[in-house]
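Q: Sequential numbering of the sequence shown, starting at 2, is according to the working numbering. Using N, Cα and C, we set each Cβ at its ideal position, and we do this for glycine too. Okay, handing you the structure first.
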Amino acid sequence: MAGKPADQRDVHIGSLIEERRLRAGLSREALAGPLEVSLSQLGKYLKGANRLSATDLDTLARVLGVPVGFFFEGMPGRDLPQPGLSDRPQARLEALSGWTGFAEAVARAADTHLDEDRRQALGSLVRAVDHALSGQQSFDKANDSGPSD
2 MAGKPADQRD VHIGSLIEER RLRAGLSREA LAGPLEVSLS QLGKYLKGAN
52 RLSATDLDTL ARVLGVPVGF FFEGMPGRDL PQPGLSDRPQ ARLEALSGWT
102 GFAEAVARAA DTHLDEDRRQ ALGSLVRAVD HALSGQQSFD KANDSGPSD
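Rendered as structure tokens:
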């Protein structure tokens, strides 16, 4: 199975490796040996034509005497942060078209499966959430509905 194709980041990393190799006065053989690759393959890494694995990048960092993070300094395309999973815009609850249907389904399930005390506790919880979301009451108020089972 082929990996992702190399891109500008791989060219950046390859050029930093080559620059550091020359500064250290190391031959290409001195880098290819620890990686257990041919000189031809090493050349592809240095040109950014092939992507290095994390393990090989760690090996090169050790040989060149730099931290792995060195290769990511000044990385092209890192200026604009991409949203992470937690940064995705979330739809507002009231904008969700099925929200009313969901509330009705919960109410029907509560009527079918819960006794009177548990229906009352669920109602209290829903009212507390409604008040908190509308700014009328905060969640840090003491729970006076009794213990949960």
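For the pair the segment 71-80 and the segment 27-47, tell me if three or more CB-CB distances fall below 8 Å.
A: The segment 71-80, when compared against the segment 27-47, does not touch it at the 8 Å Cβ threshold.
Q: Report the CB separation of Pro77 from Arg10 in whole angstroms; it is logged as a contact under 8 Å.
A: With 8 Å as the limit, Pro77 and Arg10 qualify as a contact, their Cβ atoms being about 7 Å apart.
Q: State the start and end residues of the unbroken alpha helix (DSSP H) segment that holds Ser16.
A: Segment 9-25, the alpha helix (DSSP H) holding Ser16.
Q: What is the C-beta distance between Gly15 and Tyr46, in whole angstroms, given that I count them as a contact (C-beta under 8 Å)?
A: Right, their Cβ atoms sit about 6 Å apart.
Q: For Asn51 and Gly26, what's the separation of their Cα atoms in angstroms?
A: C-alpha separation (whole angstroms): 23 Å.
Q: Alpha carbon to alpha carbon, how far is Ala122 from His132?
A: Cα to Cα, the separation comes out at about 15 Å.
Q: Gly124: which of Leu43, Ala7, Ala108 sits nearest, CA to CA?
A: The option with the nearest alpha carbon to Gly124 is Ala108.
Q: Beta-carbon separation of Leu40 and Arg29 under 7 Å?
A: In this structure, Arg29 lies closer than 7 Å to Leu40 by Cβ.
Q: Between Gly4 and Thr113, what straight-line distance do the alpha-carbon atoms span, to the nearest angstrom?
A: Going from the Cα of Gly4 to the Cα of Thr113 covers about 53 Å.
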